Every structure is written in C-alpha cells, then in structure tokens.
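Last residue of the sequence shown? That's 458 in the working numbering, and every number before it is there in order. See below for the structure under consideration.
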Amino acid sequence: MITCDSSVQLPFQPAAGGLACDGVSIHSISASVGTPAYVYSAAAIRDAYRAIDSAFGDYPHAIHYALKANSTLAIVRLLRSLGSQADANSGGEIAVAERAGFTPAQIVFTGVGKSREELDFAIAQDLGAINAESAGELDRIAAAAGAAGRVARVALRVNPDIDAQSHPHISTGLRSNKFGVALQDARAIYAARRSVGSLRFVGVHIHIGSQITTPGPLQRAAAALTSLALELREDGVPLEHVDLGGGLGIAYEGRPMITPAEYAAAVLPELRRAGIPVVLEPGRAIVGHSGALIARVVDVKQYPDGRRFAVLDAGMTELMRPALYGSFHRIVPVAPRQTTETPWDVVGPICESSDVFARERQLPDLCVDDLVAVLDTGAYGAVMASNYNRRPLAPEVLVDEGGWSVIRRRQTIDDLLALEA
Ligand SMILES: Cc1ncc(COP(=O)(O)O)c(C=O)c1O
C-alpha cells in the first residue's frame, strides 16, 4: 500500500492491471490522453479539505483554498462545492476564482507586488480582503479606492521573523524575506491610517512559508498574529478575522507528518486568546497528494561506471519542483517489472542538467515505453509548467466516482502560436 503518511492511503495504488487512481487504470487513461499527463483524484481532494475543516471544529473558521497550488478550473470548482472560499495571488487567480463561481466577498487577495491594474480590479470587485504587503501599498489602495469612490476591505500582512524550517525558497516569514511588514511596525501602520475613509481594516494576515512539517513554527505564527490582533483591538480596530495563511506540509516521502488535527491543536489555543474568526489559506495540504504526473520512458542508457538513466517524456517543463527546490517525489512504475531494484537517475528531456526528477533512486528495471507515475504532484505541479522548448502543456484528468474526465486538454502548437504575430 502506498501511504501519504503512516495512516492515510494515497489514491494511487497498485492493482491487477497496473497502477490505478481510485480504482481507475492509469494505463487506460494514458492510452486515451497520452503522456505526459496529470491525473488527480477528486476523492483525495475532498478528504483533504474535510480533514482540515473538521480539525478546526466549531472554532469560527473559513478555508480559503490557495489557488496558486492548483488553479485548474474544475479543481477550483470542486473546492467551491465543498464550501471552500478562495485565496488569490494575482489578478488572473481572482478572475479564475470568479469564473469558478466564487463571489468577490469569498476571495482574499495576497501578492507581494500587486500592479496598479490588479489593485484597481480588486477594489472594483470589492473583495473579501486585500492583504496589503506594505504601508506604501495600503496608501496606494487608499488612493485608488478613494478615486473610485469605494471603501477597500484590507488586512496588513505582517512578517513575524519566524523560521518556517522549510526550504529557504518557500520560507516567507523571516526578516530577510521580501514579504509583509515587520511585526513591530504593524500597530503604527494601522494607527496612522485609521481615519482614512477609503480603507476598512478587516483583518491581519501572516503566511510564514510552505511545506511546514512541524507544529512549532505554525504555533508561533498564530501566537504572533493573535498578540497583534489583541493590541489592535485595544486600539479600537474592529477586526473581522485573523488570516493565518497556508503552509501545512505533506508527506512527500511517505513518513509521518504533521496532521491537520495536530496543526489545529497547535494554533487553536493561541487563536482562542482573541476568539476572532480565523481565515486559513491551505493549498498544498488540500491538493498535493491528489495528483500524479504520468510519464513514459523514452530512452534508457548506462554509462561504463554503471550509472543508469531513464529519460522520461516529462521534465522540468511539466514539474518544476525538483529543479527549483531539489524536491523529492516518489516515482513508481505503473506496471513494475519483477526485477531487483537498482539505482536509477530518472530525468527529463530538457537540455538543462537540473532537469532531474530523482538521482540514484532504487527502482525495478525500466525499459523504453514503460509508464511511471511521479507522485504527490497535485500542488505546484501543473501550475508551474512552462512552454520551454516549445513543449505544449500536458493535459489534466480528474478521476471521480469510478470514472474520469479531461479537465484541461493537451495544449497544441497551434494554441501556442495563436498568440503570436
Ligand atoms: C499568501 C499565501 N497563502 C497561502 C499559500 C499556500 O501555501 P501552502 O500551499 O503551503 O498551503 C501561499 C503559498 O506559499 C501563500 O503565499
């Protein structure tokens, strides 16, 4: 059995006809849509969403799914049907959230460098909250909202200088990171703008990083957020929510991992000190385990020193995380050959030496045309894909209730060239 961690089963499991997603044969999907392709389990997304929702129990909370993790329309719609709200990180994500059916009030908008156009759009939409990243941005929001005759609902993102103990590229809560304003400046920033008629301070926001695997940093973030909220309450700021951001990690290696229940147990005692409703922005923890990138072996070679390479038809253009962060993903053959396991370098077809999914990974023999699944790629997979080398984007498939459907078709060269003069 392939597990998320010691207790939760992954949707991708070996079956009689080879690997299956919730019982649906990966062979049959790839025979129809080709490779590379992303396959997602709707059931896994539902389970992960509900696990977080129920972990927060009766404490007033709203889950704003972070679209940046995976914003394919059908996935966003699925989350909406479960009762989720949305966290958007760009004007494009706001637009996608709205096309998925979210009302503006259900959307919070974060982003470290929002353009004037994005701010105007967000203000015109009257979003649930615009999470401002600096005093200057608050002032630009105030001016734009004032000019439009509107009142913008805003929260200030604070940087608490807390180490998320994650990969440096996805840690956002340290003084050395570009995100938010210094925690100790926040009170004065709010105070100086309290009388600005075009701003309504509805919350405070924090997000210290992603793929956080222990409760400590999350608990410290909740403590910092709550202390600030209590101070702001003392100052008479009528906060509607505190926004704890996302960050909950997943078990890429299949080892025990912080659970949603442990996450809630770590942060709820802190949040209760103020009792203000909490906004959560999970992305990875909701969709990460739900997806696999299915690829075909297109070449196999061995150097005289014995090093062996399996070259796939998917690479950093489809899944950038290994090249970007050196991140680990389990790789399983769809129909494993009955041989002993030996070390393989599993690599992509791109002319970059960072285009490597795994080095010296113990795998059974791989041959040209074999299919492999790169697991736990539901988050920060398809959304980060690129057209480098003029490679069309891979299709995405959603498995649900014993059937499957293409939720994004494969891009064609005509699609690519349609944008060009
Ligand atoms: C502001 C904000 N909220 C939420 C998230 C989602 O984080 P995760 O996918 O780790 O839950 C991110 C991603 O880094 C983010 O930048």
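Glycine is no exception: its CB is placed at the ideal position from the N, C-alpha and C atoms. Just so you know, these numbers come straight off a predicted model, no measurement behind them.
Fill in: Own chain partners of residue 43 with C-beta closer than 6 Å, once the 5 adjacent residues on each side are dropped
At residue 43 the pLDDT is 49, less than 50, meaning the model places this residue with poor confidence and gives no usable figure here.
Fill in: Same chain only: Cβ atoms within 6 Å of residue 179, ignoring 5 sequence neighbours per side
233, 235, 236
Practice prompt. May I have the straight-line CA-CA distance separating residue 320 from residue 381, to the nearest angstrom?
Written response: 31 Å
Discussion item. Let me confirm a value: residue 67 is counted as buried when at least 16 other C-beta atoms fall within 10 Å, else exposed. Which label applies?
Written reply: buried
Discussion item. To the nearest angstrom, how far is the alpha carbon of residue 359 from that of residue 185?
Written reply: 44 Å
Worksheet item: For residue 376, does the count of other Cβ atoms within 10 angstroms reach 16, so buried, or fall short, so exposed?
Response: exposed
Worksheet item: For ligand 1, any of its heavy atoms closer than 8 Å to the Cβ of residue 147?
Response: yes
Worksheet entry | Option nearest residue 210 by Cα separation, candidates 257, 166, 173, 175 | 257
Worksheet item: Looking at residue 124 and ligand 1, is the gap between the Cβ and the nearest heavy atom below 8 Å?
Response: yes
Discussion item. Could you compute how far the alpha carbon of residue 244 sits from the alpha carbon of residue 416?
Written reply: 17 Å
Discussion item. For residue 198 and residue 212, which I take to be in contact (beta-carbon distance under 8 Å), what is that distance rounded to the nearest angstrom?
Written reply: 5 Å
Worksheet item: Between which two residues does the alpha helix (DSSP H) harbouring residue 154 extend?
Response: 153-162
Item to complete: Would you mind working out which of 284, 300, 263 sits nearest residue 204, comparing C-alpha positions?
Response: 284
Fill in: CA-to-CA distance, residue 125 to residue 105, given in whole angstroms
7 Å
Discussion item. So the candidates are 275, 136, 113, 121; which of them puts its Cα closest to the Cα of residue 191?
Written reply: 275
Worksheet item: Could you check where the beta strand (DSSP E) with residue 370 kicks off and where it finishes?
Response: 368-370
Worksheet item: Should residue 266 and residue 313 be called a contact, given that it needs their Cβ atoms to be closer than 9 Å?
Response: yes
Worksheet item: Can at least three beta-carbon pairs, one atom from the stretch 71-86 and one from the stretch 316-332, be found at a separation below 8 Å?
Response: yes
Worksheet item: Alpha carbon to alpha carbon, how far is residue 262 from residue 158?
Response: 28 Å
Discussion item. In chain order, what are the residue ranges of uninterrupted beta strand (DSSP E) at least 3 long that sit wholly in the stretch 385-420?
Written reply: 393-400, 408-412
Worksheet item: Would you say residue 195 and residue 167 are within 9 Å of each other, going by their C-beta atoms?
Response: no
Discussion item. Rounding to the nearest angstrom, what Cα-Cα distance links residue 286 and residue 356 in this structure?
Written reply: 18 Å
Worksheet entry | Where the beta strand (DSSP E) through residue 149 begins and ends | Looking at the DSSP string, residue 149 is not in any beta strand (DSSP E), and its letter there is neither H nor E.
Fill in: Supposed close pair residue 131, residue 408 - CB separation, criterion 8 Å
Not really, about 37 Å apart at Cβ, beyond 8 Å.
Worksheet entry | Near ligand 2: residue 204 beta-carbon under 8 Å from a heavy atom | For the structure depicted, ligand 2 is absent and the ligand set comprises only ligand 1.
Worksheet item: Using a Cβ-Cβ cut-off of 6 Å (strictly less than) and excluding sequence neighbours within five positions of residue 446, which residues of its own chain qualify?
Response: 432
Discussion item. Which of the three DSSP states is assigned to residue 263 in this structure?
Written reply: helix
Discussion item. At the level of alpha carbons, what is the spacing between residue 296 and residue 454?
Written reply: 45 Å
Item to complete: Run the proximity test for residue 417: is its beta-carbon closer than 8 Å to any non-hydrogen atom belonging to ligand 1?
Response: yes
Practice prompt. Determine the extent of the beta strand (DSSP E) in which residue 362 is found, giving its start and end residues.
Written response: Where residue 362 is concerned, there is no enclosing beta strand (DSSP E), although the alpha helix (DSSP H) it sits in stretches over 358-362.
Worksheet item: Do residue 334 and residue 406 come within 9 Å of each other at the CB atom, strictly closer than that value?
Response: yes
Worksheet item: What's the call for residue 57, buried or exposed, on a 16-neighbour Cβ count within 10 Å?
Response: buried
Fill in: Burial state of residue 413 (16 or more Cβ within 10 Å)
buried
Worksheet item: Among all the DSSP beta bridges, which residues are the ones paired with residue 313?
Response: In the DSSP output, where bridge partners are listed per residue, residue 313 has none listed.
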